[in-house]
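Under this note's numbering, the first residue of the first sequence carries the number 22, and numbering increases by one thereafter. Just so you know, even glycine gets a beta-carbon here, dropped at the ideal spot from N, CA and C. Right, one structure below, let's go through it.
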Amino acid sequence: MGEEISDKTIDNIFDRYINTSGLIFENREVLRHTYVPERLPHREKQYESLAAILAPTLVGESPSNVFEYGQTGTGKTAVTKAVLNILKNKCQEVNSNLKTCYLNCQIVDTTYRVFANLNESIGLQIPVTGLPTEVVYSRFVEALDALNCIFIVVLDEIDMLLRKSWDALYNLTRINSDLSKSKLSIIGITNNVKFKESLDPRVRSSLGEEEIVFSPYLAPQLKDILEDRCDIGFKPEVVDPSAIHIAAAFAAQEHGDARRALDLIRVAGEVAERNGITIVTDEQVRQARQIIERNTVAEVITTLPIQTKVVLTSIFEQISNHKSHNTTTGELYELYSDISKELMIDQLTQRRISDLINELEMLGIINCRVVSKGRYGRTKEISLSVPLREIKEVLSNDYRISEIIDRKRK
DNA sequence: AATCCACTGGAAAATACGGGCC
DNA sequence: GGCCCGTATTTTCCAGTGGATT
């Protein structure tokens, strides 16, 4: 690291990829799940329903609110975006004034930010923080009304919004009574089937005027999707049918997740590219699966905040030094305290560590189980769900932590 | 059956921070 | 500069608990 590389070398370094890459991908973007294709195989029904529901927009009437259910990778977002795109074009043709805004509530997850983003979508800048939420709301209402249009908000992962602030939803469903010239409709998207039951009854009836269900794709359907995309995404004859077959099968196991299927085939293509092969078969897909798995773990761990990393390090040390394959909150906290002192970082309370442990579990890096040891109390048994070696490898990339790990070895 | 450990996990309060407004 | 209004993170407090041991 830190060595000087001449421009010459850098020039050459990509050459071999230019040679092969041209032979594999036609258009890599098509193979990403963020790409919105014009045609979505096996989603014709949902496509039609959504179009029918939104059609009133064309004559200047506000459509009903819509609710979309379905697991990840079942095409909810893609169908919605595709339909909205077409609708926008059509609206222009017939001079109907339509504005849309897409929000992912996993990121935009507070009332304030929802309205700040909505403001932004109609060209009003709002500071990240500083204003009373009410002001942000009323500014939006005012600005929207002045536009004299139909406004469709897409709330993706809408259940995340509810967790922190249900009043954002409540306000949105009632906003039409504050508008005189414009109208607002909501498209809510979620993969949580129980979500609707947890809603406030008033919001529920308003939001659930129309419902569209997205069922998981079956293996043959995934195959169709992949074939479609591979046709445009790859050069002809590059993808062997066996690759598509197995990618579809893998993804079908994961609740019919088309996103996963696409990732698999794209990464398989990259594997072939790197190996200088010009054909993608089931072998590359198998490798791709491992790569994806490892990458997500590594990615998750490296982007962890330092405190959480230290907690993970403590678990790692606890398990690799001790012969047992699990540890408990109390033991872990003692070791954590030592390490945090040594690294001169804030020492958090056990309560907080308990939360961090839960976060790690949610990320799938560790397994937790609340067990009662009778007289000796009740605690959480913690074990790793990723191979020790992989954890060590990734943790060592953090210089602060690698010192700890190395020292313990001596 | 009663006890009691070593926590869990909810709730609220404290703290830090960023930024508008006057 | 002081105040207000937000978000985010952490601490403080504490009621609750599964089940081996007494």
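Validate contact between the stretch 119-128 and the stretch 264-274 using beta carbons, cut 8 Å, 3 pairs: At 8 Å Cβ cutoff, the stretches do not touch.
Cutoff 8 Å; reference L406; Cβ partners in own chain excluding five residues on either side: Here residue 406 refers to the residue found at position 385 of the first sequence. According to the sequence provided, residue 406 is Ser. The question's Leu does not apply to it. Answer for S406: G385, I386, I387, N388, listed in chain order.
CB contact flag (R64, V87, <8 Å): Locating residue 64 in the first sequence gives position 43, where the first residue counts as 1. Locating residue 87 in the first sequence gives position 66, where the first residue counts as 1. Contact flag unset, no.
Limits of the beta strand (DSSP E) - the one that K204 falls within: Working through the first sequence from its first residue, we reach residue 204 at position 183. From DSSP, the beta strand (DSSP E) with K204 extends over 204-211.
Meets three-Cβ-pair contact criterion under 8 Å: the stretch 217-234 and the stretch 64-75: Of all C-beta pairs linking the stretch 217-234 to the stretch 64-75, three or more are shorter than 8 Å, placing the two stretches in contact.
In chain order, each beta strand (DSSP E) run of at least 3 residues that lies wholly inside the stretch 223-261: Listed in chain order, they are 231-235.
I179 beta carbon less than 8 Å from that of L165: In the first sequence, the residue the question calls residue 165 occupies position 144. In the first sequence, the residue the question calls residue 179 occupies position 158. One thing to note: L165 has its Cβ no nearer than 8 Å to the Cβ of I179.
Where E47 sits in the DSSP three-state scheme: Mapped onto the first sequence, residue 47 falls at position 26. It is coil, neither helix nor strand.
Per-residue burial, Y133 [other beta carbons within 10 Å of its own, 16 or more giving buried]: Here residue 133 corresponds to residue number 112 of the first sequence, with the count starting at 1. Y133 should be labelled buried.
T78 and I171 closer than 8 Å at C-beta: Within the first sequence, residue 78 is the residue found at index 57, counting from 1. Within the first sequence, residue 171 is the residue found at index 150, counting from 1. Yes.
Cβ contact check for the stretch 239-255 and the stretch 217-230: 3 or more pairs under 8 Å: The answer is no - the stretch 217-230 does not touch the stretch 239-255, with fewer than three Cβ pairs under 8 Å.
At least three beta-carbon pairs within less than 8 Å, the stretch 294-312 to the stretch 354-368: The stretch 294-312 is not in contact with the stretch 354-368.
Option nearest G43 by Cα separation, candidates V332, Q339, G254: Here the question's residue 43 lines up with position 22 in the first sequence. Of V332, Q339, G254, the residue nearest in Cα terms is G254.
Spatial distance of A272 from N213 (CA atoms): On the first sequence, residue 272 is found 251 positions in, with the first residue counted as 1. On the first sequence, residue 213 is found 192 positions in, with the first residue counted as 1. Taking C-alpha positions only, A272 is separated from N213 by approximately 20 Å.
Residue(s) in a DSSP beta bridge with N388: One-based indexing of the first sequence puts residue 388 at position 367. Beta-bridge annotation (DSSP): N388 is paired with S404.
Distance CB(L333)-CB(L381) smaller than 8 Å: Indexing the first sequence from 1 puts residue 333 at position 312. Indexing the first sequence from 1 puts residue 381 at position 360. Yes, Cβ-Cβ distance for L333 and L381 is below 8 Å.
Of the residues T317, L369, I107, the one placed nearest E411, counting alpha carbons only: On the first sequence, position 390 is the one that residue 411 refers to. The candidate whose alpha carbon is nearest that of E411 is T317.
L364 - DSSP class collapsed to helix/strand/coil: Your numbering for residue 364 matches position 343 in the first sequence. The answer is coil: DSSP assigns L364 none of H, G, I, E or B.
C-alpha distance - Q371 paired with A76, whole-angstrom precision: Locating residue 371 in the first sequence gives position 350, counting from the first residue. Locating residue 76 in the first sequence gives position 55, counting from the first residue. Looking at the two C-alpha atoms, the distance is approximately 55 Å.
Nearest candidate by alpha-carbon position, reference G91, set L105, Y238, N192, K111: In the first sequence, the residue the question calls residue 91 occupies position 70. Checking every option, the nearest Cα to that of G91 belongs to Y238.
Option nearest L183 by Cα separation, candidates K215, S206, P153: The sequence position of residue 183 within the first sequence is 162, counting from 1. Of the candidates K215, S206, P153, the one whose C-alpha sits nearest the C-alpha of L183 is K215.
Separation of P62 from H276, as counted between CA atoms: Here residue 276 is taken as the residue at index 255 of the first sequence, counted from 1. Here residue 62 is taken as the residue at index 41 of the first sequence, counted from 1. Within the model, the alpha-carbon separation for H276 versus P62 is close to 17 Å.
Whole-angstrom distance between K256 and R307, CA atom to CA atom: The residue given as residue 307 occupies position 286 in the first sequence. The residue given as residue 256 occupies position 235 in the first sequence. Approximately 21 Å, taken between the alpha carbons.
Buried/exposed call for G94, threshold 16 Cβ in 10 Å: As a position in the first sequence, residue 94 is number 73, starting the count at 1. When all chains shown are included, G94 counts as buried.
Any non-hydrogen atom of the ligand GTP within 7 Å of N106 CB: With respect to the ligand GTP, the structure offers nothing, as it holds no ligand at all.
Cβ-based burial, K401 [other Cβ within 10 Å; buried from 16]: Here residue 401 is taken as the residue at index 380 of the first sequence, counted from 1. Counting Cβ neighbours within 10 Å, K401 comes out buried, since at least 16 surround it.
Best match in G96, N116, R428 for proximity to V80 [C-alpha to C-alpha]: Position 59 of the first sequence, counting from 1, holds the residue named residue 80. The residue with the shortest Cα to Cα distance from V80 is N116.
Identity of the residue in Q305, I403, D130 nearest I374 by Cα: Within the first sequence, numbered from 1, the residue matching residue 374 stands at position 353. Ranked by how close their Cα comes to the Cα of I374, the residues Q305, I403, D130 have I403 in first place.
Bounding residues of the beta strand (DSSP E) (the contiguous stretch that carries F172): For this step, residue 172 is matched to residue 151 along the first sequence. DSSP places F172 inside the beta strand (DSSP E), whose first and last residues are 171-177.
Whole-angstrom distance between Q328 and M450, CA atom to CA atom: For the chain, the structure presents residues 22 to 431; residue 450 sits outside this window and is missing.
Reduced DSSP secondary structure (H/G/I, E/B, other) of V415: Indexing the first sequence from 1 puts residue 415 at position 394. Helix, per DSSP.
Own chain residues within Cβ distance below 7 Å of N197, not counting five before or after: The residue you call residue 197 lines up with position 176 of the first sequence. Here the set comprises K204, L205.
Start-to-end residues for the beta strand (DSSP E) that takes in N125: Locating residue 125 in the first sequence gives position 104, where the first residue counts as 1. For N125, the uninterrupted beta strand (DSSP E) run begins and ends at 119-125, by DSSP.
Entirely enclosed alpha helix (DSSP H) segments - the stretch 287-358, minimum 4 residues: Within the stretch 287-358, the complete alpha helix (DSSP H) segments of 4 residues or longer fall at 303-323, 327-342, listed in chain order.
Residue burial classification, V149 (beta-carbon count within 10 angstroms, cutoff 16): Position 128 of the first sequence, counted from the start, is the residue given in the question as residue 149. In the assembly as shown, V149 is an exposed residue. Its beta-carbon has fewer than 16 other beta-carbons within 10 Å.
For L158, the first and last residue of its enclosing alpha helix (DSSP H): For the purposes of this step, residue 158 is taken as the residue at position 137 of the first sequence. Reading off the sequence shown, one finds Tyr at residue 158, where the question assumed Leu. Residue range 154-168 is occupied by the alpha helix (DSSP H) that includes Y158.
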